[in-house]
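According to mature numbering (1 follows the signal peptide of the UniProt record, and there is no 0), the stretch in the sequence shown is residues -23 to -1, 1 to 544, in order. Here's the structure we're looking at; comments come further down.
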Amino acid sequence: MKSTLLTCTVALGLSVIANTTAAADRITGHHFATRSEAMAPNAMAATSQPLATQVALDIMQQGGNAIDAAIAANAVLGLVEPTGNGIGGDLFAIVWDAESKRLFGLNASGRSPKSLTREYFVENGYDSIPARGVLPISVPGTVDGWFELHERFGQLDMKDVLAPAIEYARKGFPVTEVIAYYFERNGEVLQDYPGFADVFMKDGDMPQKGERFTNPDLANTYQTIAEQGRDVFYEGDIARTISDFVQDNGGFLSYDDLASHESTWVDPVSSNYRGYDLWELPPNTQGIAAQQILNMLENFDIAAMGFDSPEYIHHFVEAKKLAFEDRAKYYSDPAFNDVPVEGLLDKDYARERAQLIDPSKPAKAVEPGNPPTEGDTIYLTTADEAGNMVSLIQSNYRGMGSGVTPAGLGFVLQNRGELFNLDPNHNNVFEPGKRPFHTIIPAFVTKDGKPVMSYGVMGGATQPQMHAQILINIIDFGMNLQEAGDAPRILHTGSGQPTGAEMNDGGTVHLENGFSKHTRRELIKMGHTLQEAVGPFGGYQAIWKNHQEDVYYGASESRKDGHAAGY
């Protein structure tokens, strides 16, 4: 989800108050830690909503594995947190399969309508693809992703996997605090879009904190999928309802677009950072941006700089700028372009790019390199007694997506197509049947060939920046799994984008409360523009495998409503 940035730019000479108050008066750990890591010997789940975490554990205690648990939790989150995800959106996952002792990657993102062309936008006066309504809708890939994961790895029947979500949809669930906030924000924007108010504003208002909200339409949709399988969504009655509704409201998504959809199993790509292998999915996602940032920062002694230091923050921001210019130019659907993934992750290329970082001042503009050529979102992770681990991320893109809510189905359709570019010479240009550049990215870490950590951080372009920061916090600064997520975060905005935006002013640095006044002042003196921000710093979940003790550690985002738990 994209969050509003407050426009109170901090200029040199103005006072900046950094809140360094501890989260609580804890006797152990860093002052910013909100709680201890969760620990359990058998299984672990971490999600952004307590009911989803509990459902994941229940599924594993009923004989399901981590894959079953991840699907069940995602279905619940689509109900209880529709402000960030749902079956109208896309899904990506990385799975550690304990039996084969290897990683599998799934790209379950959808494609643009085949009957919609770039020329339509140009001829109708658009200089970019609109954020809401029927035009940015692409095929929702989540349901196909569930069944791909289930067919390959699942143990329980899909009826059992979806049963908890169906029950909560029929009987209702209490809306939690952060989700209630985003409900209100989305309702202000989306209340007049087709079908939206019928599902989410039945009494004229969006659901409030503590309100017991039901979604019988979504319960019926889940029930139909559980009983009739994947094909009812893409080739059956649900597909016809979606396509008819979109086209009746002036859109282009067709029954054929849905019927021809398929997910893609992909090989995750790795890059080593100080002995740990970070695994991400290749484009059309942005995962390799995190690896590019770390590859550049590996050339500097980050630990010696210190966490709350202008030197560390400056080097991180400058590495991010360089990685994001490559992201803006190269990341796109590999079915339409030859994306130089191997070159972008080349260590020599990273050293070459790192040399462009001036330690004394920020770059106002940077160019993409020449590599060798050989949004809102939810993130969840699960792990089971057999050693299977799942890193799964799922999203509608902008909060509640397009706002378009097909009659009788109970969910909104995503607006992921907004992320296409209309420049005919750009890799990410809109084309029929093409996957757009994608922001959502699951991550996984191995060491010496063993699974160590499944994790992710939701939140648009925030994600690769936080993927890198989480590992830096653990590896360079010695934080534990929970502290690594609770630590104040650095966010840089204003880089060039795959949609066509360019950076010519150095962008803006946003620092969470907890960074010192001294550090902020020194960054301003170096030439950085600092700006206060509310809400864009992402949402983190993680599971760590302690092989020596055969124990799972879990951590969950203190900025959201959820938690980590195990048994």
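Virtual Cβ for every residue (Gly too), placed ideally from N, Cα, C.
Tell me whether residue i is buried or exposed, calling it buried when 16 or more other Cβ atoms sit within 10 Å of its Cβ.
{"i": "residue 205", "result": "exposed"}
{"i": "residue 352", "result": "In this predicted model, residue 352 has a pLDDT of only 49, less than 50, meaning its place in the structure is not dependable enough to derive any value."}
{"i": "residue 242", "result": "exposed"}
{"i": "residue 308", "result": "buried"}
{"i": "residue 495", "result": "exposed"}
{"i": "residue 44", "result": "buried"}
{"i": "residue 332", "result": "exposed"}
{"i": "residue 103", "result": "exposed"}
{"i": "residue 303", "result": "buried"}
{"i": "residue 457", "result": "buried"}
{"i": "residue 348", "result": "buried"}
{"i": "residue 162", "result": "buried"}
{"i": "residue 518", "result": "buried"}
{"i": "residue 261", "result": "buried"}
{"i": "residue 5", "result": "exposed"}
In this structure, how does DSSP classify residue i when only helix, strand and coil are distinguished?
{"i": "residue 523", "result": "strand"}
{"i": "residue 185", "result": "coil"}
{"i": "residue 162", "result": "helix"}
{"i": "residue 467", "result": "strand"}
{"i": "residue 503", "result": "helix"}
{"i": "residue 250", "result": "strand"}
{"i": "residue 91", "result": "coil"}
{"i": "residue 488", "result": "strand"}
{"i": "residue 57", "result": "helix"}
{"i": "residue 351", "result": "A caution first: residue 351 carries a pLDDT of 46, below 50, which makes its placement in the model too unreliable to give a value."}
{"i": "residue 416", "result": "coil"}
{"i": "residue -22", "result": "Caution applies to residue -22, whose pLDDT of 38 falls short of 50 and renders its modelled position unreliable; the value that the coordinates give is listed next. Residue -22 falls in the coil class under three-state DSSP."}
{"i": "residue 540", "result": "strand"}
{"i": "residue 116", "result": "coil"}
{"i": "residue 79", "result": "strand"}
{"i": "residue 262", "result": "strand"}
{"i": "residue 190", "result": "strand"}
{"i": "residue 222", "result": "helix"}
{"i": "residue 200", "result": "helix"}
Between residue i and residue j, which are expected to be in contact by the criterion C-beta below 8 Å, what is the C-beta distance as a whole number of angstroms?
{"i": "residue 150", "j": "residue 95", "result": "Residue 150 to residue 95, Cβ: 42 Å. No contact."}
{"i": "residue 406", "j": "residue 399", "result": "7 Å"}
{"i": "residue 356", "j": "residue 516", "result": "7 Å"}
{"i": "residue 358", "j": "residue 520", "result": "5 Å"}
{"i": "residue 75", "j": "residue 523", "result": "Wrong, their Cβ atoms sit about 16 Å apart, outside the cutoff."}
Tell me the DSSP bridge mates of residue i?
{"i": "residue 356", "result": "370"}
{"i": "residue 430", "result": "422, 521"}
{"i": "residue 256", "result": "247, 421"}
{"i": "residue 241", "result": "84"}
{"i": "residue 153", "result": "Partner(s): none; residue 153 has no beta bridge."}
{"i": "residue 398", "result": "406"}
{"i": "residue 531", "result": "15, 520"}
{"i": "residue 21", "result": "360, 543"}
{"i": "residue 73", "result": "80, 366"}
{"i": "residue 435", "result": "516"}
{"i": "residue 68", "result": "85, 371"}
Touching by the beta-carbon criterion (3+ pairs, under 8 Å), the region 495 to 507 and the region 472 to 487: yes
At least 3 beta-carbon pairs within less than 8 Å: the region 412 to 421 vs the region 83 to 92: yes
Segment contact, 8 Å Cβ cut-off, at least three pairs: the region 353 to 371 with the region 62 to 72: yes
Cβ pair count under 8 Å reaching 3, the region 267 to 276 against the region 454 to 472: no
Three CB pairs or more closer than 8 Å across the region 30 to 37 and the region 379 to 395: no
Validate contact between the region 49 to 60 and the region 147 to 167 using beta carbons, cut 8 Å, 3 pairs: yes
Touching by the beta-carbon criterion (3+ pairs, under 8 Å), the region 417 to 426 and the region 118 to 125: no
Inter-stretch contact (C-beta, 8 Å, three-pair minimum) for the region 531 to 538 and the region 9 to 25: yes
Segment contact flag, the region 334 to 343 with the region 288 to 301, C-beta cutoff 8 Å, min 3 pairs: yes
Inter-stretch contact at 8 Å, needing at least 3 Cβ pairs: the region 179 to 197 / the region 215 to 224: no
Stretch-stretch touch, CB-based, cutoff 8 Å, three pairs: the region 276 to 287 with the region 445 to 454: yes
Cβ contact (3+ pairs, closer than 8 Å) linking the region 432 to 451 and the region 247 to 257: yes
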